[in-house]
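A.B. asks: Could you have a look at this structure, given as structure tokens, before my questions?
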């Protein structure tokens, strides 16, 4: 699998009122890679993910999967939203089975894969519960299981842990990391959390706001055998702080012209 | 990690019934007290016993059941028609901006025309039979049903729809497997609320022109100063309405456990 985002721009509106949200975005993602896009609000990072998912179309440029242009959403690019995306009328197991049912897979296969992916996310016991009976972290794990069960070639995560409490977020990061290591997933993660990006992704693209553009790419070759220790290691902290300064500078630069007018 | 939810059966459900019955009992008691003391002329306010007797008499003559069936039949016919048209119309307006822009001003306008004001027109067009009464209920509930269903569709979270698309779903599946189950509770509730309007309208229609029906019975009773029969009719209308309301609530609780 090769996802190629080439010279993609996105504008909303026309003429004088047009607003450029993304400008000349280029990056690649290959099978088994974990790539993160980090930026503050206004950097267009969610829009970028929606373009890759096919939920919106780029104004310029193209998004290609194995050389074929993305023209709309499909189960080869599974998306996990920040929250509220489980179907509240379906049990956890029915949610996991949902994508496979849409694809009209054989019943037996649906049943087996549902049980398998519930186990993968460690929620085999919660199969018959409704989403409202699950905690936020459990809901997100079910959402991930549902997406994986639909057999995507790349997993698109839009701030998947952004709505969770800090402690649960850390355990979910651990969970996602293990999932990636054991299953050989391909992941594209959107986040505003630098630590999360550096901790999980092999490559981190930094997005500047207004208009959103990639200003820096970091190859994060880190020893991820123990995430808890990595979080606190001096090298990691130094890299994180350096990039945090970059982000702050970009935000300040983006706000200045408007600030002086007001 | 999962939060345990208190089951509503123990604390939240029994007591409303208790207090509701209490309120009702107080009113009945006052009624009995006032009439028994002879403070009011029975012509204006008959005693509960007299109303009950009038009810029994009408039941024994078969009038009560015949009237009730006539009114219920009209409500069911008119409202079923309205519900059946409103569902696809509301879904179409809720999911297509174009259709919404086309129809919303029209519906917004007609919605403010009181349905009873259509009665003279309906009588000129369709005479005094069943059709104008059924159509009155249809007209009087169609727009509310449609607009409430449209709103329900508009508020289906976009994440739920987009998730289905990224799981490999097509437009038809989106409608049947995401939008339909998601709006089901609101649709049932909209029907429950607008059913009350249908029930009001059938009485109005019968007051104007009918040979049978609970509304007709009331207007006949007025002609003969039979206040007891008027009360009986009002109570029958209220009880049947309440039963329909409870039926919808039960349906909602049974079919949409996730939303209650």
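Protein chains in written order, with the working numbering: chain A, 1 to 262; chain S, 263 to 522. Beta carbons are placed, not taken as given, at the ideal position from N, Cα and C, and that holds for glycine. It should be emphasised that the depicted structure is a prediction, and the values quoted were computed from it without experimental measurement.
#1: Since residue 416/S is in the beta strand (DSSP E), which residue starts that stretch and which ends it?
#2: Assign residue 386/S to buried or exposed, taking buried as 16 or more other Cβ atoms, counted over all protein chains shown, within 10 Å of its Cβ.
#3: At the level of alpha carbons, what is the spacing between residue 289/S and residue 494/S?
#4: If you scan the region 70-151 of chain A from start to end, which runs of the alpha helix (DSSP H) of 4 or more residues do you find wholly inside it?
#5: Determine the burial state of residue 519/S: buried for a count of at least 16 other Cβ atoms within 10 Å of its Cβ, exposed for fewer.
#6: Using the Cα positions of residue 264/S and residue 193/A, report the straight-line distance between them to the nearest angstrom.
#7: What residues of chain S sit near residue 103/A, judged by a beta carbon separation below 7 Å?
#8: Determine, using beta carbons only, whether residue 207/A and residue 61/A come nearer to each other than 8 Å.
#9: Have a look at residue 69/A and residue 4/A and give me their C-alpha separation to the nearest angstrom.
#10: Once DSSP output is grouped into helix, strand and coil, what is the label at residue 374/S?
#11: Quick one, which residues of the region 90-123 of chain A are near chain S if we go by CB-CB under 7 Å, in chain order?
#12: Considering only the beta carbon of each residue, do residue 309/S and residue 294/S sit closer than 8 Å?
#13: Examine chain A for any beta-carbon lying closer than 8 Å to the beta-carbon of residue 448/S, and answer yes or no.
#14: Which residue comes first and which comes last in the beta strand (DSSP E) that contains residue 61/A?
#15: Would you give the residue range spanned by the beta strand (DSSP E) that residue 9/A belongs to?
#16: Just to make sure I have the definition right: I need the residues of chain S whose C-beta is within less than 8 Å of the C-beta of residue 77/A. Which are they?
#17: For residue 38/A, list the residues DSSP reports as bridge partners.
#18: For the putative contact between residue 474/S and residue 332/S, defined by C-beta atoms under 8 Å, what is the C-beta separation to the nearest angstrom?
#19: For the beta strand (DSSP E) that contains residue 27/A, what are its first and last residues?
#20: Going straight from the alpha carbon of residue 268/S to that of residue 133/A, what length do you get?
#21: Would you decide whether residue 372/S is buried or exposed? Buried here means 16 or more other CB atoms lie within 10 Å of its CB.
#22: Output, in sequence order along the chain, the residues in the region 50-84 of chain A whose CB is closer than 7 Å to any CB in chain S.
#23: Kindly indicate the opening and closing residues of the alpha helix (DSSP H) around residue 479/S.
#24: Which term fits residue 269/A, buried or exposed, when burial requires 16 or more other beta carbons within 10 angstroms of its beta carbon?
#25: For chain A, check one thing: does any of its Cβ atoms lie closer than 8 Å to the Cβ of residue 362/S?
#26: Spell out whether any CB of chain S is found under 8 Å from the CB atom of residue 127/A.
#27: Determine which residues of the region 399-430 of chain S have a Cβ less than 7 Å from any Cβ of chain A, and write them out in chain order.
#28: Rounded to the nearest angstrom, what separates residue 251/A and residue 209/A at their Cα positions?
#29: Determine, for residue 520/S, whether the minimum Cβ-Cβ distance to residues of chain A falls below 8 Å.
#30: Between which two residues does the beta strand (DSSP E) carrying residue 263/A extend?
#31: Distance, Cα to Cα, residue 471/S vs residue 402/S?
#32: Does the Cβ of residue 408/S have 16 or more other Cβ atoms within 10 Å, making it buried, or fewer, making it exposed?
#33: Go ahead and label residue 432/S buried or exposed: buried means 16 or more other beta carbons lie within 10 angstroms of its beta carbon, across all protein chains shown.
#34: Secondary structure at residue 522/S, three-state DSSP: helix, strand or coil?
#35: Check this for me: beta carbons of residue 412/S and residue 362/S, under 8 Å apart or not?
#36: Please report the straight-line C-alpha distance between residue 400/S and residue 51/A, rounded to a whole angstrom.
C.D. replies: Short version:
#1: The sequence position of residue 416/S within the second chain is 154, counting from 1. No beta strand (DSSP E) contains residue 416/S, which is instead part of the alpha helix (DSSP H) from 392-416.
#2: Numbered from 1 along the second chain, position 124 holds the residue referred to as residue 386/S. With fewer than 16 other Cβ atoms inside 10 Å of its own Cβ, residue 386/S counts as exposed.
#3: Taking the first residue of the second chain as position 1, residue 289/S is located at position 27. Taking the first residue of the second chain as position 1, residue 494/S is located at position 232. C-alpha separation (whole angstroms): 16 Å.
#4: 92-102, 107-120, 136-149
#5: Numbered from 1 along the second chain, position 257 holds the residue referred to as residue 519/S. The residue in question, residue 519/S, is exposed, as its Cβ has fewer than 16 Cβ neighbours within 10 Å.
#6: In the second chain, counting from the first residue as 1, residue 264/S sits at position 2. In the first chain, counting from the first residue as 1, residue 193/A sits at position 193. In this prediction, residue 264/S has a pLDDT of 46, which is less than 50 and means its spatial position is unreliable; nothing more can be read from the coordinates.
#7: Within the first chain, numbered from 1, the residue matching residue 103/A stands at position 103. 430, listed in chain order.
#8: For this step, residue 207/A is matched to residue 207 along the first chain. For this step, residue 61/A is matched to residue 61 along the first chain. No, Cβ-Cβ distance for residue 207/A and residue 61/A is not below 8 Å.
#9: Numbered from its first residue, the first chain carries residue 69/A at position 69. Numbered from its first residue, the first chain carries residue 4/A at position 4. If I take the Cα positions, the gap works out to 9 Å.
#10: On the second chain, residue 374/S is found 112 positions in, with the first residue counted as 1. Coil at residue 374/S, not helix or strand.
#11: 98, 99, 102, 103
#12: Within the second chain, the letter at position 47 stands for residue 309/S. Within the second chain, the letter at position 32 stands for residue 294/S. Contact: yes.
#13: As a first step, residue 448/S is located in the second chain; it is residue number 186 there, counting from the start. So, not an interface residue.
#14: In the first chain, the residue the question calls residue 61/A occupies position 61. 60-65 is the span of the beta strand (DSSP E), which, as asked, contains residue 61/A.
#15: Position 9 of the first chain holds residue 9/A. Counting along the chain, the beta strand (DSSP E) containing residue 9/A begins and ends at 2-12.
#16: Along the first chain, read from residue 1 onward, the residue named residue 77/A stands at position 77. 428, listed in chain order.
#17: Looking up residue 38/A in the first chain gives position 38. For residue 38/A, which the question treats as bridged, DSSP gives the partners 191/A, 206/A.
#18: The count along the second chain starts at 1 and reaches residue 474/S at position 212. The count along the second chain starts at 1 and reaches residue 332/S at position 70. Indeed they touch by this definition, with Cβ atoms about 5 Å apart.
#19: As a working note, residue 27/A is residue 27 in the first chain. In the DSSP annotation of this structure, the continuous segment of the beta strand (DSSP E) that includes residue 27/A starts and ends at 19-30.
#20: Residue 268/S sits at position 6 when you count from the first residue of the second chain. Residue 133/A sits at position 133 when you count from the first residue of the first chain. With a pLDDT of 48 at residue 268/S, under the threshold of 50, the modelled position of this residue cannot be trusted; read the value that follows with caution. Looking at the two C-alpha atoms, the distance is approximately 12 Å.
#21: Stepping through the second chain from its first residue, residue 372/S is reached at position 110. Answer is exposed; the Cβ neighbour count stays below 16.
#22: 53, 55, 73, 74, 75, 77, 78, 79, 81, 84
#23: To locate residue 479/S, count along the second chain from 1; it is residue 217. That run of the alpha helix (DSSP H) goes 476-485.
#24: Any answer about residue 269/A is impossible in this case: the structure gives chain A only from 1 up to 262.
#25: In the second chain, residue 362/S corresponds to position 100, counting from 1. Judged by the 8 Å Cβ criterion, residue 362/S is not in contact with chain A.
#26: Here residue 127/A refers to the residue found at position 127 of the first chain. No, because no Cβ of chain S sits closer than 8 Å to the Cβ of residue 127/A.
#27: 419, 421, 422, 424, 425, 426, 427, 428, 429, 430
#28: Numbered from 1 along the first chain, position 251 holds the residue referred to as residue 251/A. Numbered from 1 along the first chain, position 209 holds the residue referred to as residue 209/A. Between the C-alpha atoms of residue 251/A and residue 209/A there is a straight-line separation of about 7 Å.
#29: As a first step, residue 520/S must be located in the second chain, where it is residue number 258. True, the Cβ-Cβ gap to chain A drops below 8 Å.
#30: This structure leaves residue 263/A out entirely; chain A is present only between 1 and 262.
#31: As a working mapping, residue 471/S is identified with position 209 in the second chain. As a working mapping, residue 402/S is identified with position 140 in the second chain. Distance between the alpha carbons of residue 471/S and residue 402/S: 17 Å.
#32: Sequence index remark: in the second chain, residue 408/S carries index 146 (1-based). With at least 16 other beta carbons inside 10 angstroms of its own, residue 408/S counts as buried.
#33: Residue mapping note: residue 432/S aligns to position 170 of the second chain, counting from 1. Residue 432/S comes out exposed.
#34: Translated into the one-based positions of the second chain, residue 522/S becomes position 260. Residue 522/S: coil per DSSP, three-state reduction.
#35: In the second chain, residue 412/S corresponds to position 150, counting from 1. In the second chain, residue 362/S corresponds to position 100, counting from 1. Yes, the Cβ-Cβ distance between residue 412/S and residue 362/S is below 8 Å.
#36: Walking along the second chain from the start, residue 400/S turns up at place 138. Walking along the first chain from the start, residue 51/A turns up at place 51. Distance between the alpha carbons of residue 400/S and residue 51/A is about 45 Å.
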